[in-house]
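J.: Dumping the structure here so I can ask a few things about it.
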Amino acid sequence: MEHFLSTKKLSTEEIFSLLDRAENFSKYGSRELPGKYIVSNLFFEPSTRTKMSFEVAERKLGLDVIPFESGFSSALKGETLYDTVKTFEAIGVDALVIRHSDEGYYEELIGRTSVSIINGGDGSGQHPTQSLLDLFTIREEFGTFEGLNIVIAGDIAHSRVAKSNADTLTRLGAHVTFLCPKEWKGNFEAVHEWNVEMLQSDVVMLLRVQHERHDGKLTFTKEAYHDQYGLTVERAKKMKENAIIMHPAPFNRGVEIDEDLIECRKSRIFNQMENGVYVRMAILEAILNGRN
Amino acid sequence: MEHFLSTKKLSTEEIFSLLDRAENFSKYGSRELPGKYIVSNLFFEPSTRTKMSFEVAERKLGLDVIPFESGFSSALKGETLYDTVKTFEAIGVDALVIRHSDEGYYEELIGRTSVSIINGGDGSGQHPTQSLLDLFTIREEFGTFEGLNIVIAGDIAHSRVAKSNADTLTRLGAHVTFLCPKEWKGNFEAVHEWNVEMLQSDVVMLLRVQHERHDGKLTFTKEAYHDQYGLTVERAKKMKENAIIMHPAPFNRGVEIDEDLIECRKSRIFNQMENGVYVRMAILEAILNGRN
Amino acid sequence: MEHFLSTKKLSTEEIFSLLDRAENFSKYGSRELPGKYIVSNLFFEPSTRTKMSFEVAERKLGLDVIPFESGFSSALKGETLYDTVKTFEAIGVDALVIRHSDEGYYEELIGRTSVSIINGGDGSGQHPTQSLLDLFTIREEFGTFEGLNIVIAGDIAHSRVAKSNADTLTRLGAHVTFLCPKEWKGNFEAVHEWNVEMLQSDVVMLLRVQHERHDGKLTFTKEAYHDQYGLTVERAKKMKENAIIMHPAPFNRGVEIDEDLIECRKSRIFNQMENGVYVRMAILEAILNGRN
C-alpha cells in the first residue's frame, strides 16, 4: 500500500487484511519493524485521540517520530502544504500522517511526492483510520458485518466519520440508517426521530455535536438535542441485549449521550480508542513495508 | 507504589527508599528499565524545569514518551481531565505526569483509572517531586534532617513548594520557619522580618515571587521586597559557614535573591535541578516496577 | 569542536573536514554515535526546515532529543536565555541547537556553560549550518569553490544566509556578487539590476523576501520585485548550461523565483534540504565526540 487516504480507495480484501493484522497486534502487542523508518504527524487541526493514538502506534513499531508543531512552522510564513510535504521528503521522512481542514487536501500531493501519506482527517471529507477502528470494534463484537443494523446519529453533513463509515459498512453488508436534525442531513437520506426499530439495532453509533462549528447558529439547546436526538438512559433501556454503543469521541456528556451511558456495559467507547492503536499499527506497517 | 501524588501520602520509609534510589542514579547514571513503558507529560501550566527534568529522567530510563501539547488537544473542545486521562489509559499509556491549575485535580482520577499518576504540581496544592529533590539536596549536604534549622522565605500561601516541604521536613526532624509579608502567610504561622537567628539557619530556601499571580496588586515594589524579604548580599554574609542557599527556580534576579548569590559558593540552586532528574528517575522506576 | 557558532570561527580545514564527514553520511546513511547523548532544539523563532532537519539528523545519530516549546516554557515567566541554558546544563543535556532573534545571543553564554551550543540562526547575524549545507551542495556540483562566480540576490542587509555565505565562499576562492534593491544592501556593496555577466554565473542563489519583516513598508509590489530582482523564466534561460539555482527556502513562489523554476533541472533547492541533514549530522558528531 502506497498511501492510506480514503475508505473508498480500499478494496474489501485490503480492509480485511488490515483488520486481521490489527487483531494480531491486539493479541501480541508491540513489534518493532525491521529497518529504520522516520515519520511525522502533521496535525493542522486540534486532536488528542487520533494524534496520540498514532504516536503510540508509531512507538510500538519502533519508528522514529519527528515532532511537528503546526503553530510554529514555516506554514506561518505562508508556506503551502505541498512545499511542507516536499521538505519532509527531502529530509528523509518516509511517511506523514496529515490532518488538514481542506477536504481532499491530499489530491494535490499524490503522484508528486515519494512520501507516503496517511489521512488523519480531511475537513468534512473522510477519517478513514477512524472508520477502520470502528470496523475492528464491530467485528470484534459480532464476528461479521453481514446483516447488522447500524444507526449513526448526529451531524451527518459535517461528519467525516459518518461518511467513511457509511461507505465501508454498506459495502461489507451492514444496513446503515442516519438519524439527525433536518439541518444536518446534507445530501444524505436520514430520519429525524428515534423509533422502535432503530433502538433494536445492533450498533448505535453517536457523533459529537461540534459546538465549535455551529456556535451561535444552533436552533436547539444542548438539552433539546439530548431529548430529541441523543441516546438517553430511557432509550438505551430499549436496546437489544447484545447491542453496543459507539462514539468516536471526544463526547459531550449529556448532549449526544447521557453521562451514565459512557462507561456502561453496552458502551465500547474506550475499546474503540484502544483498537485505534492496533489498526494504526496495521496501516503504518502496510505502508512502510510497501516502501521496500 | 501506584501513584505519586502528595508528600502526605508518603511514609518516612518510602521517602528514604526513594532518596536512596535517587542517590544510586546520581552515582551510576542511566539505566534502562526492563520492559517497555509508555508515559506522557501533561502540563496544563507553563514549566521548563519540571517538564524538562521529567523528559530527561524518562529517556535515561529508556521509556517511550508521547508528546502532549495542552494548547492543541481536545481539551480545547471542552474535554474534561478525566476523559483525557481515560483516553491515555485506553491507548496503552502506563503513567502520566500531570501539572494542573486545580488543587487536588487527581482526587477525581484515583480509583477510576489504571494509569499511574505522578503529580507535577496541583494549583496552590503540592509539588511533591520538588519536595523530594529538595530533601535529596539537603541530605546530600548534611547527611541528615534531624535538628536542621530551615528558613523558607516567600509567598507561603500560594507556594506548593512551601507546603510540600514544610510537611516532609518537619516529619523528618527539621525545624522550619516561614518568612513572608503578612499578606502571604495564608493559614501558616510566619515571621515577617529577618533576624539573626534565622540567618544562622542551616538552609535558607527562597521562593519565587509570582508576579503573574499578583500583577497589579502587590503593595510593594521589587526593590522593596528585596530589601525586606529577599536574600541580600549583606544578609548572606551573616550566614553560617556551612549553610546553603536553595531556590526551586525560576528565580527573579534581584528580587527574592541578589543576582550575585545565584551561583555563589553557598548556592545549591543548580544542584537542585540536577538532583531533580535523579529523584524523578527514582519515582518513575518505583511506579513502573509497581505495575508488573 | 566545542561549539558551532559562526562561519567566521571556522578554519578552512574545519570546513573541509565537516564537508567530508557530511559526504560520508550522504553515502552511508544513519550511524548511531557510541555513547548516550541528550540534546534539545531551542527555537525561539518559527522554523520548519532547520528545526526538522536537526530533528532528523539527531535521530539518525541515535541521540535522545528533549522537546522544547518556547511558547510554553519558563521564558514566559521572564526567564533569561542564560538561565534557561544553565537549566539544561544542570539536567544533563549535552548540546543545544538555538535559534534566537538576538544577533550574537551566544556571546553571553560562551565560557559560562559546559553545554555545547550550535547556532541555528541568530537574528540578522549568522546561519552557519545553512552556509555549510550550501557549501556542500556547491561542492557536490562543481567539486571545488575556486573561481566560481556566485550571485546572491535578495534582502542582503537582513539575511543571515547572505552574510554567512559571503564570508565562507569568498574565503574558499569563489567570487560573490550581491544583487538587491538599494534599500536592502545594508553595509554591503551590491548591484541593483541583473546583467549578462551575472546571468552567466555558476550559481544563482536567491533569498526569501521576508514580508513579515517589511510589512507595509515595501516600496515595491511582489510583481515588481519579481520583474526587477527575481529569477524569471526569461532570465533563467540565459543561464549557463551547467549553472545551478539555489534558495534556502521557504520560498515565495512568483516573487524571488518563478514558480516554474522551483523544481526545474537547474534547481538544487530540495537537494539543499536533503544535504542539510548530512551537514548537521557532521556538526553534531564533531561537537559530541569533542565532549569525551
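Residue numbers (the working numbering), protein chains in the order written: chain A, 3 to 294; chain B, 3 to 294; chain C, 3 to 294. All C-beta atoms in this analysis are idealised placements derived from N, C-alpha and C, irrespective of residue type, glycine included. Computed from a prediction, not measured in an experiment: that's the story for all the values here.
1) Just mark B:Ala59 as buried or exposed, buried being the case when its beta carbon has 16 or more other beta carbons within 10 Å.
2) Applying the criterion that 16 or more other CB atoms from any shown protein chain within 10 Å of the CB defines a buried residue, is A:Thr221 buried or exposed?
3) Taking the alpha carbon of B:Asp262 as the reference point, which residue from B:Phe190, B:Val235, B:Met248 has its own alpha carbon closest?
4) Can at least three beta-carbon pairs, one atom from the stretch 11–26 of chain B and one from the stretch 118–135 of chain B, be found at a separation below 8 Å?
5) Taking 8 Å as the threshold (C-beta atoms), are B:Ala284 and B:Phe27 in contact?
6) Check whether the Cβ atoms of C:Leu233 and C:Val206 lie closer than 8 Å to each other.
7) Using the beta-carbon count (16 or more within 10 Å), is B:Asp124 buried or exposed?
8) If we cut at 8 Å on Cβ distances, does C:Phe272 have a partner in chain A?
9) Less than 8 Å between CB atoms is the rule here; does A:Ile246 satisfy it with respect to chain C?
10) Reducing DSSP to helix, strand and coil, say where C:Ile152 ends up.
11) Under 8 Å between the Cβ atoms of B:Ile152 and B:Leu171?
12) Grouping DSSP H, G and I as helix and E and B as strand, with all else coil, what is A:Ala251?
13) By a C-beta neighbour count over all protein chains shown, 10 Å radius and 16 as the cutoff for buried, is A:Asp229 buried or exposed?
14) Any chance you could list the beta strand (DSSP E) runs of at least 3 consecutive residues sitting entirely within the stretch 110–171 of chain B, in chain order?
15) Look at the alpha carbon of C:Thr89 and the alpha carbon of A:Ser49, and state the distance between them as a whole number of angstroms.
16) Taking all protein chains shown into account, do 16 or more other C-beta atoms lie within 10 angstroms of the C-beta of C:Asp22, making it buried, or fewer, making it exposed?
17) For C:Glu57, which residues in chain A fall below 7 Å Cβ to Cβ?
18) Using only alpha-carbon positions, find the residue among B:Glu110, B:Thr52, B:Asn189 that is nearest to B:Tyr280.
19) Can you list, in chain order, the residues of its chain with a C-beta nearer than 7 Å to that of B:Ser103? Leave out the 5 residues immediately preceding and following it.
20) Which one of A:Glu81, A:Lys268, A:Ser55, A:Trp196 has the shortest CA to CA distance from A:Met248?
21) Going by DSSP, name the residue or residues bridged to A:Thr179.
22) In chain A, what lies closer than 7 Å to B:Ala284 by C-beta?
23) Taking 8 Å as the threshold (beta carbon to beta carbon), is A:Met54 in contact with chain B?
24) Alpha carbon to alpha carbon, how far is C:Lys165 from B:Leu150? Give it in angstroms, no decimals.
25) Note down, in chain order, all residues in the stretch 89–100 of chain A with a beta-carbon under 9 Å from any beta-carbon belonging to chain C.
26) Taking just the CA atoms, how far does C:Asp85 sit from A:Met54?
27) For B:Pro250, I'd like the list of residues in its chain whose CB is within less than 6 Å of its CB, leaving aside the five on either flank, ordered along the chain.
28) In chain C, which residues lie with their C-beta within 7 Å of the C-beta of A:Ile40?
29) Can you name the residues of chain C whose CB is closer than 9 Å to the CB of B:Val279?
30) Starting from C:Ser55 and walking both ways along the alpha helix (DSSP H), at which residues does that stretch end?
31) Answer yes or no: does any C-beta atom of chain B fall closer than 8 Å to that of A:Thr50?
32) Starting from A:Ser302, follow its DSSP beta bridges and name the residues at the other end.
33) Go through its chain and collect everything with a Cβ distance to C:Tyr39's Cβ below 6 Å, but skip five positions before and after it.
34) Taking Cβ-Cβ distances below 7 Å as the criterion, which residues of the stretch 18–44 of chain A are in contact with chain B?
35) Which two residues bound the contiguous beta strand (DSSP E) that contains B:Asn43?
36) Taking 6 Å as the limit between beta carbons, can you name the residues of its chain near B:Glu109, skipping five residues before and five after?
T.: Answer, in terms of the structure:
1) By the 16-neighbour rule on beta-carbons within 10 angstroms, B:Ala59 is buried.
2) Only exposed fits A:Thr221, as fewer than 16 other CB atoms lie within 10 angstroms of its CB.
3) Of the listed residues, the one whose Cα sits closest to B:Asp262 is B:Val235.
4) Remark: three or more beta-carbon pairs, one from each stretch, lie closer than 8 Å, so the stretch 11–26 of chain B and the stretch 118–135 of chain B are flagged as touching.
5) Between B:Phe27 and B:Ala284, the CB-CB gap stays under 8 Å.
6) Result yes, Cβ atoms of C:Leu233 and C:Val206 sit closer than 8 Å.
7) So B:Asp124 counts as buried.
8) It does; some Cβ of chain A falls within 8 Å.
9) Look at A:Ile246: its C-beta is not under 8 Å from any C-beta on chain C.
10) Note: C:Ile152 maps to strand in three-state DSSP.
11) In contact: B:Ile152 and B:Leu171 (Cβ atoms closer than 8 Å).
12) Of the three classes helix, strand and coil, the one that applies to A:Ala251 here is coil, per DSSP.
13) It is exposed - the Cβ of A:Asp229 has fewer than 16 other Cβ atoms within 10 Å.
14) Along the stretch 110–171 of chain B, the beta strand (DSSP E) occurs as fully enclosed runs of 3 or more residues at 118–124, 151–155, listed in sequence order.
15) As the crow flies, the alpha-carbon of C:Thr89 is around 31 Å from that of A:Ser49.
16) Exposed: under 16 other Cβ atoms inside 10 Å.
17) What C:Glu57 touches in chain A: Ile68, Pro69.
18) Distances from the CA of B:Tyr280 to each of B:Glu110, B:Thr52, B:Asn189 were compared; the closest alpha carbon is that of B:Thr52.
19) Within the same chain, Phe46, Glu47, Gly125 come within 7 Å of B:Ser103 by CB-CB distance, once the 5 residues on both sides are set aside.
20) Residue A:Lys268 is the option with its Cα nearest to A:Met248.
21) DSSP, once it has assigned bridges, lists A:Val153 as partnering A:Thr179.
22) By Cβ distance, chain A contributes nothing, its closest Cβ being about 24 Å from B:Ala284, past 7 Å.
23) Cβ-Cβ to chain B under 8 Å: yes for A:Met54.
24) Using only the alpha carbons, I get a separation of about 58 Å.
25) Answer set for the stretch 89–100 of chain A: Thr89, Phe90, Glu91, Ala92, Ile93, Gly94, Val95.
26) Taking C-alpha positions only, A:Met54 is separated from C:Asp85 by approximately 32 Å.
27) Hits under 6 Å: Gln132, Val163.
28) Neighbours of A:Ile40 on chain C, chain order: Val58, Arg61.
29) The CB of B:Val279 comes closer than 9 Å to the CB of Ala92, Ile93, Gly94 in chain C, given here in chain order.
30) From DSSP, the alpha helix (DSSP H) with C:Ser55 extends over 51–62.
31) With 8 Å as the cut-off, A:Thr50 counts as an interface residue toward chain B.
32) In this structure chain A extends from 3 to 294, so residue 302 of chain A is not present and cannot be described.
33) The residues are Leu65, Asp96, Leu290.
34) Against chain B - using a Cβ distance shorter than 7 Å - the residues of the stretch 18–44 of chain A are Ser32.
35) According to the DSSP assignment, B:Asn43 belongs to the beta strand (DSSP E) that extends over 40–45.
36) Once the five neighbours on either side are set aside, B:Glu109 has no close Cβ partner at all.
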